[in-house]
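To start, the structure under review is shown below, and the notes come after it.
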Amino acid sequence: MIAIEDVGTPRRLLGAFARILAAGALLTLAGCVVPSDGPLTHEVLSAGADGKSYEIPQTKLIFDVVNVDQRVANSVSAAKRYGLSSTFGFGGGGGTPVIGVGDRLEVTIFEAGPDGLFSTNDRKSTTIPVIVQPDGHGQIPYVGSVRFAGMTIDSARATIVDALKAKAVEPDVIVSMAGNASRTVSIQGDVNKSGIVPLGLSGQHISEVIAMAGGAAKPPYDTYVSLKRGGKTRSVLLQSVIDNPKDDIYVKPDDQIYLTYDPQTFAALGQTKKSGKIPFDAAKLSLVEAAALAGGGNVATADPKGYFVFRYEDENVYRTVVGDDRFRDLIARGMVADSEGRYPIVYRLDLGATQSYIVAQNFPVRNKDVVYLARHVATDLAKFLTIVSSGSSAAYNIQRTADLL
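Dropping the structure here:
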């Protein structure tokens, strides 16, 4: 009898052998060292003292999410922001100047007689230059040491006249300021000519002092001006000083002014075509303009109803937007300010609505804002279906290969 060979057995053996080879290849790959830029997450965590990350009790961040309509946009745009005047007041003119150390004075003494201490037949007066010394004094002939520091021009004149009444013939005195060394401010940073700027008798606005230093070296919308007076410091955008006359305050002697170039930027995140830190390159920027700078939304994945602006807002603006009662409620629930006294808020704009494009033109984007465009809910479903489809395809191909073997 002739035996009939079972042809299925070799095929099964060949398929099993192929699977063994594949498993061996996977084990070989698993043993290979994969190039890496650093340790894995679990490696860093396991290296800690407890073999894991230390869990610090977290405080919930309280903030409000506000839908932007025309009222909100107008409120945010028009609300007064804290400036130099809110910290230092506007001040006034130069006031009555006070003589200080280092000032140069010219003291002119007149006498009625032709043969006096300070007069001759040819002239009736003598001009004496005086520099106020570190101890505040200056020397006047036949008067001696006079303490000028702290005096006004008029009081210095009266003091000298009184001292000369018993010595000179009907004396009269004129005291004038020849050089100002005590009424100065310092200006440094991104100006064209930093240094010490003397103040005139009429007083100077901060913009005038900046002009006397050659002006800002960079555009005003990207330059911050900081004023330090006593123990207080305040920084504002130079553009706001130009736009708001109330912030163009009078400076005072010994003020310190510093200009810093710090371009205004916002961060574009989420489903925008261009993500990252984007400069304003302008004095003002609306939400529509910011969306355009970010390239708009990704049509396939973005949710036009989910444009969000994350920001820390000044208290007065926050109260204007949500109302005093709502603000007090948020404070009671644990909302806290940042180091600059501002509170967290999220603004939402639905660009799926036609009128929102008009509203967005009036909603200002601020420096350091985060503009986030949410992904559409259908995007997650599409990803899930792609994964399922990929898995089904892989399973089908494996089964088909096994059937062929």
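For the sequence shown, the tail end lands on 1177 under the numbering used here, and the numbers increase by one without skipping.
Heads up, the beta-carbon is just placed ideally off N, CA and C, and yes, glycines get one too.
Tell me where the alpha helix (DSSP H) around TYR1090 begins and ends.
-> Mapped onto the sequence shown, residue 1090 falls at position 318. Counting along the chain, the alpha helix (DSSP H) containing TYR1090 begins and ends at 1087 to 1094.
DSSP state of GLY1048 mapped onto helix, strand, coil = Here residue 1048 refers to the residue found at position 276 when the sequence shown is read from its first residue. The answer is strand: DSSP assigns GLY1048 an E or B state.
Got a sec? Which residues, its chain only, sit under 8 Å from THR931 by beta carbon, not counting five neighbours each side?
-> Position 159 of the sequence shown holds residue 931. If we look at THR931 and ignore the five residues flanking it on each side, its Cβ neighbours are VAL918, MET923.
Quick one: any contact between the segment 1036 to 1054 and the segment 981 to 998, if contact means 3 or more CB pairs under 8 Å?
-> yes
DSSP bridge partner residues for MET949 (one or two, in chain order) | As a first step, residue 949 is located in the sequence shown; it is residue number 177 there, counting from the start. Note: MET949 sits in a beta bridge opposite LEU877.
Out of VAL816, LEU1031, LEU973, point me to the one whose CA is closest to PRO1025's CA.
-> Start at 1 with the first residue of the sequence shown, and residue 1025 comes out as number 253. If we check each option's Cα against that of PRO1025, LEU973 comes out closest.
With 16 other Cβ atoms within 10 Å as the buried cut-off, status of ILE912 = Here the question's residue 912 lines up with position 140 in the sequence shown. Residue environment analysis places ILE912 among the buried positions, since at least 16 neighbouring C-beta atoms fall within 10 angstroms of its C-beta.
Per the contact definition of three or more C-beta pairs closer than 8 Å, is the segment 832 to 843 in contact with the segment 1115 to 1135?
-> yes
How is the beta strand (DSSP E) around ALA1146 delimited, first residue to last?
-> As a first step, residue 1146 is located in the sequence shown; it is residue number 374 there, counting from the start. Residues 1142 to 1147.
Below 7 Å CB to CB, which residues in the same chain sit around SER1128 once its five sequence neighbours on both sides are set aside?
-> Sequence index remark: in the sequence shown, residue 1128 carries index 356 (1-based). Leaving aside the five residues that flank SER1128 on each side, the residues in its chain whose CB is nearer than 7 Å to its CB run, in chain order, LEU1121, ASP1122.
Please report the residue range of the beta strand (DSSP E) in which PHE1135 lies.
-> Looking up residue 1135 in the sequence shown gives position 363. Segment: none, PHE1135 is in no beta strand (DSSP E) and carries neither H nor E.
In terms of alpha-carbon separation, which member of GLY872, MET984, VAL1137, ASP962 lies closest to GLY951?
-> In the sequence shown, residue 951 corresponds to position 179, counting from 1. It is GLY872 whose Cα lies nearest to the Cα of GLY951.
Find out if the Cβ-Cβ distance for the pair LYS1049, ALA1066 is shorter than 8 Å.
-> Start at 1 with the first residue of the sequence shown, and residue 1049 comes out as number 277. Start at 1 with the first residue of the sequence shown, and residue 1066 comes out as number 294. Going by C-beta atoms, LYS1049 is not nearer than 8 Å to ALA1066.
Exposed or buried, VAL1108, counting other C-beta atoms within 10 Å across all chains shown (16 or more means buried)?
-> Along the sequence shown, one-based indexing puts residue 1108 at 336. By the 10 Å Cβ count, VAL1108 comes out exposed.
Among ARG853, VAL848, ARG1001, nearest to VAL1018 - alpha-carbon criterion = Along the sequence shown, read from residue 1 onward, the residue named residue 1018 stands at position 246. Correcting the residue identity first, residue 1018 is Lys in this sequence and not Val. Of ARG853, VAL848, ARG1001, the residue nearest in Cα terms is ARG853.
Buried or exposed by the 16-neighbour rule on C-beta atoms within 10 Å, applied to GLY823 | Taking the sequence shown and counting its residues from 1, the one referred to as residue 823 is at position 51. With fewer than 16 other Cβ atoms within 10 Å, it is exposed.
Give the DSSP-derived three-state secondary structure of TYR854 in the structure shown.
-> Sequence index remark: in the sequence shown, residue 854 carries index 82 (1-based). Of the three classes helix, strand and coil, the one that applies to TYR854 here is coil, per DSSP.
For GLU1085, collect the residues of the same chain with a Cβ closer than 7 Å to its Cβ; drop the 5 residues on either side in sequence, then sort them by chain order.
-> On the sequence shown, residue 1085 is found 313 positions in, with the first residue counted as 1. Within the same chain, GLU1085 has close Cβ partners ARG1114, TYR1115, ILE1117.
Does the Cβ of ASP1097 have 16 or more other Cβ atoms within 10 Å, making it buried, or fewer, making it exposed?
-> Locating residue 1097 in the sequence shown gives position 325, where the first residue counts as 1. When all chains shown are included, ASP1097 counts as exposed.
Does DSSP put VAL779 in a helix, a strand or coil?
-> The sequence position of residue 779 within the sequence shown is 7, counting from 1. A caution first: VAL779 carries a pLDDT of 47, below 50, which makes its placement in the model too unreliable to give a value.
Under a Cβ-count criterion, where at least 16 other Cβ atoms within 10 Å of its own Cβ denotes burial, should TYR914 be classed as buried or exposed?
-> The residue given as residue 914 occupies position 142 in the sequence shown. Exposed.
Taking THR1092 as the reference, which of ALA845, LEU817, PRO829, ASP1027 has the closest Cα?
-> Counting from 1 along the sequence shown, the entry for residue 1092 is found at position 320. Of ALA845, LEU817, PRO829, ASP1027, the residue nearest in Cα terms is ALA845.
Residues near PRO970 in its chain [Cβ-Cβ closer than 6 Å; skip 5 each side] | Along the sequence shown, read from residue 1 onward, the residue named residue 970 stands at position 198. If we look at PRO970 and ignore the five residues flanking it on each side, its Cβ neighbours are ASN952, THR956.
Consult DSSP for ALA1062 and reduce its assignment to one of helix, strand or coil.
-> Taking the sequence shown and counting its residues from 1, the one referred to as residue 1062 is at position 290. ALA1062: helix per DSSP, three-state reduction.
Delimiting residues of the alpha helix (DSSP H) encompassing ILE925 | In the sequence shown, counting from the first residue as 1, residue 925 sits at position 153. From DSSP, the alpha helix (DSSP H) with ILE925 extends over 925 to 936.
For GLY967, which option in ASP1027, ARG1001, TYR826 has the closest C-alpha, if you only look at C-alpha atoms?
-> Taking the sequence shown and counting its residues from 1, the one referred to as residue 967 is at position 195. Measuring from the Cα of GLY967, the nearest candidate turns out to be ASP1027.
Own chain residues within Cβ distance below 7 Å of GLY986, not counting five before or after | Here residue 986 is taken as the residue at index 214 of the sequence shown, counted from 1. Closer than 7 Å at Cβ, skipping near neighbours: VAL963, ASN964, LYS965.
SER966 - DSSP class collapsed to helix/strand/coil = Within the sequence shown, the letter at position 194 stands for residue 966. Three-state result, SER966: coil.
Local Cβ density within 10 Å of VAL816, reported as buried at 16 or more and exposed below that = Counted from its first residue, the sequence shown places residue 816 at position 44. The residue in question, VAL816, is exposed, as its Cβ has fewer than 16 Cβ neighbours within 10 Å.
Secondary structure of GLN1011, DSSP reduced to three states = As a working note, residue 1011 is residue 239 in the sequence shown. GLN1011 falls in the helix class under three-state DSSP.
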